[in-house]
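Peer 1: Below is one structure. I have some questions about it.
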Amino acid sequence: MYYDRLLSYKYGKPEELSIRVTRGDVTSFLVDKATNPSNRQEEWEYIIGFCDQINKELEGPQISVRLLAHKIQSPQDWESLQALTVLEACMKNCGRRFHNEVGKFRFLNELIKIVSPKYLGDRVSERVKTKVIELLYSWSVALPDEAKIIEAYQMLKKQGIVAEDPVVPVDKTLVPSPKPKNPVFDNEEKSKRLAELLKSKKPEDLQEANRIIKNMVKEQKVSHRVSTLEEVNNSVKLLNEMLSHFKRDESTQEDKELLKDLYNDCDKLRTAVFRLATETDDDDSALGDILHASDDLSRVINSYKKIVEGQTIMIDIPGSTASERISQSNYASFGSRELRAGEENIHPALTTFSFPAGITPVPSALTSAKPQSFAPDSPLFRSLSPTLPTSQSSSGSDISLSSVFVPLEAIKPSKECPVTAYDKDGVRVLLHFATDPPPGRPDVLVAVVSMLNTAPLLVKNVVLQVAVPKSMKVKLQPPSGTEMAPFNPFMPPSSITQIMLLANPLKEKVRMRYKLTFILGDRQVTESGEIVKFPPVERWGHL
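UniProt numbering numbers the first residue of the sequence shown as 1 and each following residue consecutively.
Written as structure tokens, this is what we have:
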């Protein structure tokens, strides 16, 4: 690698080193060399070395964008222009991880400060500002998945900072770098041997080829798992460290945006970890590491909500304390959090509802995101991502579902026929059952509640409550909405989707009661009933 040779220029030959060189030292050294104001020309050896270092290290993108942001805002034009050339090279050679870091508000803000007259725009040369605008435009065209880059560029146009799209030469247009090579599948010796075996017509050669392919797939899965768990560990550690220094009244807007980005990273990683768990056998020793990573993510996400957003995060009450507060039936609900008049009297023994990891309570049902708006002290607007609430009752630690979360995209439908729970006035509620249980919880049945509207009237303020015997536990994750548009014969019916988790450790026959309320047109509807047609308990986990 380039950086090994370059380090000798700064620290001497490797065998002569008497100090330990950290990742930050290497990266900082390379960017210093690549952007040195005394350079007479662009130093591509150092630029490529810098790109190599980013690709090599897990924290490479995070470290590098912080260094580049400082260099790009240099008062010396030549240093700033060199830094922009380095940034352009990284975008072409460092792949999606680097794109994701550049596509975050905290870095885009630094670029916008350069061209905005409100910040550094009046002190920066036209050459530098033109280069920044060209880069943002090029990325907005070439990387349509990086929504914040597109939003940042469009904001500059709306503010009149960019009058028209720049003409970028073809050779300067960002061509997204190919996917990084996978060392498992790019083993030249294995690939050559495999090609020879596949050409053979001998059964034993084909069997050996099959074994090689299976081993390669297994190695690739292990490599992916290790990489994901390392990313989780890094993200959790970084967010925890930031939270430990966070003070709501003293932290800057930039700090808050950085925390928000880290929180979003952790939230996305939770889905990735869940997929890993579903792909891992129960007897695999790695399952413990995966579940531990999932717990770490849930804890740090809860910490963010408590410290930054000021939410009260409730947890299950262990031992006898919980049993004293649990009623004869365990309830879960979705829809509006506001209790209807008299509801407390109907269920006086209901325990306090809590919000599981990853769910943000809001004061009322919300079916669409609010438009993003600019903060007064920030050149970029902050992203608002409201989510719908969920509720669950407390439980003993043996059947708790508080830490269980199942993403919709991870659910595989079973061959079981759906159960119709309600079908009147054009409104229908169905239960669809999943094939697999959540990782490590074979006692839990996963079902998707689907509510369809085939009536010519608007359905709104949907609230569903379900109850099971005390020996079981039920939990409803956030719904996809609380309103359904009137039926249009030329469009698919409007629907609401909701994931339901049912824990039944004693494998008893399931009897579930429900209460459904909604407004159909201008008429209030309240229905109660019982669902008993659940799959046989002995088949849960392999439907």
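Cβ atoms here follow ideal geometry from the backbone N, Cα and C, with glycine treated the same way.
Where does the unbroken alpha helix (DSSP H) through residue 460 begin, and where does it stop?
Peer 2: Element bounds for residue 460: not the alpha helix (DSSP H) but the beta strand (DSSP E), 459 to 469.
Peer 1: Could you give the distance in angstroms between the alpha-carbon of residue 432 and the alpha-carbon of residue 498?
Peer 2: Using only the alpha carbons, I get a separation of about 10 Å.
Peer 1: So residue 443 packs on residue 412, CB below 8 Å; how close in whole Å?
Peer 2: Contact doesn't hold; Cβ gap of about 18 Å is too wide.
Peer 1: Can you list, in chain order, the residues of its chain with a C-beta nearer than 6 Å to that of residue 371? Leave out the 5 residues immediately preceding and following it.
Peer 2: Confidence is the limiting factor: at residue 371 the pLDDT is only 33, short of 50, which leaves the residue's position unreliable, though a coordinate-based value still follows. Nothing meets the Cβ criterion.
Peer 1: Just reading off the beta strand (DSSP E) that residue 447 is part of, what are its end residues?
Peer 2: Here the beta strand (DSSP E) through residue 447 covers 444 to 453.
Peer 1: For residue 525, which option in 533, 67, 212 and 462 has the closest C-alpha, if you only look at C-alpha atoms?
Peer 2: Minimum Cα distance to residue 525 is reached at 462.
Peer 1: So, helix, strand or coil for residue 530, using DSSP?
Peer 2: Of the three classes helix, strand and coil, the one that applies to residue 530 here is strand, per DSSP.
Peer 1: Tell me the start and end of each unbroken alpha helix (DSSP H) in the segment 99 to 150 that is at least 4 residues and wholly inside, in chain order.
Peer 2: DSSP runs (the alpha helix (DSSP H)) wholly in the segment 99 to 150: 105 to 115 and 126 to 142.
Peer 1: Which partner residues does residue 413 have in the DSSP bridge list?
Peer 2: Beta-bridge pairing links residue 413 to 434.
Peer 1: Within the continuous beta strand (DSSP E) that includes residue 513, where are the two ends?
Peer 2: Segment 512 to 520, the beta strand (DSSP E) holding residue 513.
Peer 1: Quick check on the DSSP output: the alpha helix (DSSP H) that includes residue 217 runs from which residue to which?
Peer 2: Note, residue 217: alpha helix (DSSP H), 203 to 244.
Peer 1: Does the Cβ-Cβ distance between residue 72 and residue 80 come in under 7 Å?
Peer 2: Cβ distance < 7 Å, so residue 72 and residue 80 count as in contact.
Peer 1: Are there 16 or more other CB atoms within 10 angstroms of the CB of residue 152, so buried, or fewer, so exposed?
Peer 2: Under this definition residue 152 is a buried residue.
Peer 1: Are the beta-carbon atoms of residue 401 and residue 475 separated by less than 7 Å?
Peer 2: It is a contact, given that the beta carbons lie within the stated cut-off.
Peer 1: Rounded to the nearest angstrom, how far is the Cβ of residue 458 from that of residue 486, given a contact under 8 Å?
Peer 2: That pair is a contact at about 5 Å.
Peer 1: Taking only three categories from DSSP, how would you classify residue 191?
Peer 2: Helix at residue 191.
Peer 1: With H, G and I counted as helix, E and B as strand and the rest as coil, what does DSSP make of residue 32?
Peer 2: Note: residue 32 maps to helix in three-state DSSP.
Peer 1: Between the C-alpha atoms of residue 100 and residue 148, what's the straight-line distance to the nearest angstrom?
Peer 2: Distance between the alpha carbons of residue 100 and residue 148: 10 Å.
Peer 1: Examine the Cβ distances between the segment 117 to 130 and the segment 274 to 294 and report whether three or more of them are shorter than 8 Å.
Peer 2: They do not touch, by the three-pair rule.
Peer 1: Starting from residue 285, follow the alpha helix (DSSP H) in both directions and report where the run begins and ends.
Peer 2: It is not in any alpha helix (DSSP H) - residue 285 carries neither H nor E in the DSSP assignment.
Peer 1: Just the C-alpha distance for residue 290 and residue 60, rounded to the nearest angstrom, thanks.
Peer 2: If you take the alpha carbons of residue 290 and residue 60, they lie about 24 Å apart.
Peer 1: What residue from 251, 261 and 517 has the CA that sits closest to residue 239's CA?
Peer 2: For residue 239, the nearest C-alpha among the options comes from 261.
Peer 1: Roughly how many angstroms separate the alpha carbons of residue 446 and residue 493, rounded to a whole number?
Peer 2: Cα to Cα, residue 446 sits roughly 24 Å from residue 493.
Peer 1: Give the DSSP bridge partners of residue 423, in chain order.
Peer 2: According to DSSP, residue 423 bridges with 428.
Peer 1: So, does the segment 242 to 262 touch the segment 212 to 230, judging by three or more C-beta pairs under 8 Å?
Peer 2: The segment 242 to 262 vs the segment 212 to 230: no contact.
Peer 1: When DSSP builds the beta bridges, which residues end up paired with residue 497?
Peer 2: BP columns for residue 497 point to 450.
Peer 1: If residue 257 sits next to residue 106, beta carbons under 8 Å apart, how far is it from one beta carbon to the other, in whole angstroms?
Peer 2: Correct: roughly 5 Å between the Cβ atoms.
Peer 1: Using the Cα positions of residue 233 and residue 267, report the straight-line distance between them to the nearest angstrom.
Peer 2: Looking at the two C-alpha atoms, the distance is approximately 13 Å.
Peer 1: Can you tell me where the beta strand (DSSP E) holding residue 476 begins and where it ends?
Peer 2: Its beta strand (DSSP E) spans residues 473 to 476.
Peer 1: Tell me, which residues are paired with residue 503 by DSSP?
Peer 2: Per DSSP, 444 and 473.
Peer 1: Tell me whether residue 538 is buried or exposed, calling it buried when 16 or more other Cβ atoms sit within 10 Å of its Cβ.
Peer 2: Looking at its Cβ environment, which holds fewer than 16 other Cβ atoms inside 10 Å, residue 538 is exposed.
Peer 1: With a CB to CB cut of under 6 Å and the five nearest residues on each side skipped, what residues in its chain are close to residue 426?
Peer 2: Excluding residues within five positions, the ones whose Cβ falls inside 6 Å are 454 and 455.
Peer 1: Under the DSSP definition of a beta bridge, which residues are partnered with residue 525?
Peer 2: Partner(s): 518.
Peer 1: What did DSSP end up calling residue 484 once you bin it into helix, strand or coil?
Peer 2: It is a strand residue.
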